[in-house]
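One structure below.
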Amino acid sequence: MSTQQETHGFQTEVAQLLKLVTHSLYSNKEIFLRELVSNAADAADKLRYKALSDADLYEGDGELRVRLSFDKDAGTLTIADNGIGMTRDEVIEHLGTIAKSGTAEFFANLSGDAAKDSQLIGQFGVGFYSAFIVADKVTVRSRAAGQGADAGVQWESAGEGDYTVANIDKAGRGTEIILHLRDDEKEFLDEWRLKQIVSKYSDHISIPVEMWQEGEPEREQDGETIPATEGQWQAANKATALWTLSKSEISEEEYKEFYKHVAHDWEDPLLWSHNKVEGKQEYTSLLYIPAKAPFDMWNRDNKHGLKLYVQRVFIMDEAEQFLPQYLRFVKGLVDSNDLPLNVSREILQDSKVTQSLRTALTKRVLGMLDKMGRNNEEKYQQFWSQFGNVLKEGPAEDFANKEAIAKLLRFASTHNDSNVENVSLAAYIERMKEGQDKIYYIVADSYAAAKNSPHLELLKKKGIEVLLLSERIDEWLMNHLTEFDGKSLVSVTRGDLGLDDLSDEEMAEQEKQAEEHKPLLERVQEVLGDKIKEVKVSQRLTDSPACIVTDEQDMSSQMIKLMQAAGQEVPEVKPIFELNLNHPLVAKLEQEQDNQRFAQWAGLLLSQATLAERGSLNDPSEFVAQLNSLWLELSK
Numbered sequence: 001m002s003t004q005q006e007t008h009g010f011q012t013e014v015a016q017l018l019k020l021v022t023h024s025l026y027s028n029k030e031i032f033l034r035e036l037v038s039n040a041a042d043a044a045d046k047l048r049y050k051a052l053s054d055a056d057l058y059e060g061d062g063e064l065r066v067r068l069s070f071d072k073d074a075g076t077l078t079i080a081d082n083g084i085g086m087t088r089d090e091v092i093e094h095l096g097t098i099a100k101s102g103t104a105e106f107f108a109n110l111s112g113d114a115a116k117d118s119q120l121i122g123q124f125g126v127g128f129y130s131a132f133i134v135a136d137k138v139t140v141r142s143r144a145a146g147q148g149a150d151a152g153v154q155w156e157s158a159g160e161g162d163y164t165v166a167n168i169d170k171a172g173r174g175t176e177i178i179l180h181l182r183d184d185e186k187e188f189l190d191e192w193r194l195k196q197i198v199s200k201y202s203d204h205i206s207i208p209v210e211m212w213q214e215g216e217p218e219r220e221q222d223g224e225t226i227p228a229t230e231g232q233w234q235a236a237n238k239a240t241a242l243w244t245l246s247k248s249e250i251s252e253e254e255y256k257e258f259y260k261h262v263a264h265d266w267e268d269p270l271l272w273s274h275n276k277v278e279g280k281q282e283y284t285s286l287l288y289i290p291a292k293a294p295f296d297m298w299n300r301d302n303k304h305g306l307k308l309y310v311q312r313v314f315i316m317d318e319a320e321q322f323l324p325q326y327l328r329f330v331k332g333l334v335d336s337n338d339l340p341l342n343v344s345r346e347i348l349q350d351s352k353v354t355q356s357l358r359t360a361l362t363k364r365v366l367g368m369l370d371k372m373g374r375n376n377e378e379k380y381q382q383f384w385s386q387f388g389n390v391l392k393e394g395p396a397e398d399f400a401n402k403e404a405i406a407k408l409l410r411f412a413s414t415h416n417d418s419n420v421e422n423v424s425l426a427a428y429i430e431r432m433k434e435g436q437d438k439i440y441y442i443v444a445d446s447y448a449a450a451k452n453s454p455h456l457e458l459l460k461k462k463g464i465e466v467l468l469l470s471e472r473i474d475e476w477l478m479n480h481l482t483e484f485d486g487k488s489l490v491s492v493t494r495g496d497l498g499l500d501d502l503s504d505e506e507m508a509e510q511e512k513q514a515e516e517h518k519p520l521l522e523r524v525q526e527v528l529g530d531k532i533k534e535v536k537v538s539q540r541l542t543d544s545p546a547c548i549v550t551d552e553q554d555m556s557s558q559m560i561k562l563m564q565a566a567g568q569e570v571p572e573v574k575p576i577f578e579l580n581l582n583h584p585l586v587a588k589l590e591q592e593q594d595n596q597r598f599a600q601w602a603g604l605l606l607s608q609a610t611l612a613e614r615g616s617l618n619d620p621s622e623f624v625a626q627l628n629s630l631w632l633e634l635s636k
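According to UniProt numbering, the sequence shown is numbered sequentially starting from 1.
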């Protein structure tokens, strides 16, 4: 008998999600069964693991399973498991709230277009709530393993604003979900239809998914009496852990469906690798590269990682110890024969077996990506558009694989006429001009700012390709990626360009200019004072009058912005001010005899150069005042 019944309001995000589910996902409504069966299988896996240290949790029933049953008269479909089960608090926590960071941002991205929103919802993951695609009411009855029959709990909701929770008596452990199907969803009260869905989506989960098979009555056949048979539960899936089979036994479709079970994703994976290793170490891995990034990919604190099995026994979800952070998008599992069954996250952290597996699995993922990049440029570009910025974290985190990661990086460049990042460092080197021994790049706030930066002028004139970087992480990346294939990577906004193909005549001309115009340089240095580190004749400008560059030893403008955005104090960095002595404005500056106007012109050129390089000024009002004053002078 139910007691202590309470009504609770859904968390705001749950209420929003339930409104979207029925409309956005209706075109692929059968996936509700895959999601619920997948959750039930996970509950069985969790019980198996906990029972390793407490066999009493089995309560005398160690045959783990999921069972499907239906009642045509009542219009109900039931998915029941004898897994770990839930307490009252766990039911409220798991079914009344969405414990995911970034949910507000997720809902802000929803457009109201059902087709587009269904893709976002797939990336978000709906799980249990997919039940409301086909049901107008859902009842959940659960009891945690190891507790008494009176510790059962019932959750019920019509998928609107609230739900009820009540204590009940439940003899068996585990969870049963009863779907009260809508009148137009009675196709899911058909045995053949249910078996078809189970076979399609859940064939290779390791837990049997059973359906009731009615017995046969006594009958005559060929003059003999065939005795009646009793009804029994029969598995509707193969119930064999897919990764334990040889690759030749597994179809492409089965790999894809298993991915959806493991990753709780609704789309096919982009790529996968199934590998069995025997010898010094014995393990099997099945690693997947998703086609799309989840909505919360940039939350590094979010749980991620592989499913861990030991000798085919599920141990834990999201074991992050087996892959580095910059590969957190990889889904799949590893099944080790070398780890103990009672392994914990703490033991994993310090285990030599774990470190060895991490090394091997990291190399395997990088190898998968490298092969895809070489053999299927279009597919790799799809991967890069989703996960490229995550991969850029790699060189700073993984020194041992820095060169392998660098091969996978893609950039926009002056060689292409679009902001698509599709140029590899290897392709850049193949196109290098004769005599060029450096890889040039620029980091700016946007693609347009990078492409049109005055720092590129001489390089463009000489036909030298420059990589154009404009993502927030790019400055961090290039601080840790200083060389590739024996070639230095050089920022065009720092120090000397080191252009080895400048002719002796060009070098001599620069030195001559610097000497001839020394009074100008000294005068500019004097009026600008401590705003700059020094004034130099520019070797990089052909069209612009001036630019600022950062000394090799100083923090770059982009790194300063990153540090400030993170709330960290940064040291004051004074730029080097470079002048193009062939520009008319610089010629006018040199001819200016009035000291006040000279200071205004010098300040204006510095402000313009700072704006072009950094995108902002510390004191915009000073710049405006300088500009207005000079306009007034010129208009007289």
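From the three backbone atoms N, C-alpha and C, an ideal C-beta is built for every residue, glycine too.
DSSP beta-bridge partners of residue i
| i | result |
| --- | --- |
| SER413 | LEU467 |
| ASN275 | SER285 |
| ARG67 | ALA80 and GLU210 |
| HIS204 | DSSP, once it has assigned bridges, lists no residue as partnering HIS204. |
| ARG219 | ILE226 |
| MET316 | LEU308 |
| HIS261 | The partner list for HIS261 (beta bridge, DSSP) is empty, contrary to what the question assumes. |
| THR550 | ARG494 |
| GLU576 | Correcting the residue type first, residue 576 is Ile in the shown sequence and not Glu. Per DSSP, GLU534 and VAL549. |
| GLY394 | BP columns for GLY394 are empty, so no partner. |
| GLY152 | ILE168 |
| ALA135 | LEU181 |
| LEU57 | Looking at the DSSP assignment, LEU57 forms no beta bridge with any residue, so it has no partner. |
| LYS331 | TYR288 |
| LEU489 | ILE439 |
8 Å Cβ cutoff met for residue i and residue j
| i | j | result |
| --- | --- | --- |
| LYS536 | GLU572 | no |
| PHE399 | LEU357 | no |
| PHE10 | GLY127 | no |
| LEU467 | TYR441 | yes |
| residue 658 | THR76 | Because the chain is modelled from 1 through 636, residue 658 falls outside the range shown and cannot be assessed. |
| VAL353 | ILE315 | no |
| MET368 | PHE383 | no |
Range of the contiguous beta strand (DSSP E) that encloses residue i
| i | result |
| --- | --- |
| GLN234 | 232-235 |
| LYS438 | 438-443 |
Local conformation of residue i per DSSP, three classes
| i | result |
| --- | --- |
| ASN167 | strand |
| PHE484 | strand |
| THR7 | strand |
| LEU425 | helix |
| GLY161 | coil |
| SER336 | strand |
| HIS180 | strand |
| GLY174 | strand |
| SER130 | helix |
| SER621 | helix |
| THR240 | coil |
| ALA51 | coil |
| TRP298 | coil |
| SER418 | coil |
| ARG141 | strand |
| LEU581 | coil |
| LEU18 | helix |
6 Å Cβ shell around residue i - same chain, five flanking residues per side excluded
| i | result |
| --- | --- |
| GLY394 | TYR326 and ILE405 |
| PRO208 | ARG65, ALA235 and ALA239 |
| VAL310 | SER336, LEU339 and LEU341 |
| ASP594 | none |
| LEU632 | none |
Residue i beta carbon near the ligand MN (any heavy atom closer than 7 Å)
| i | result |
| --- | --- |
| GLU320 | By its list of ligands, the structure shown contains no ligand whatsoever, and the ligand MN lies outside what it can speak to. |
Cβ-based neighbour list, residue i, same chain, cut-off 8 Å, excluding 5 preceding and 5 following
| i | result |
| --- | --- |
| GLN213 | GLY231, GLN232, TRP233 and GLN234 |
| ILE347 | PRO340 |
Span of the alpha helix (DSSP H), counted from its first residue to its last, around residue i
| i | result |
| --- | --- |
| VAL524 | 518-528 |
| SER385 | 377-391 |
| LEU408 | 402-408 |
| SER607 | 595-614 |
| ARG88 | 88-96 |
| PRO584 | 584-591 |
| ASP543 | Unbroken run through ASP543: none, as it is neither H nor E. |
Spatial neighbours of residue i in its chain, beta-carbon cut-off 7 Å, leaving aside the 5 residues before and after
| i | result |
| --- | --- |
| ILE464 | LYS433, GLN436 and TYR440 |
| ALA587 | none |
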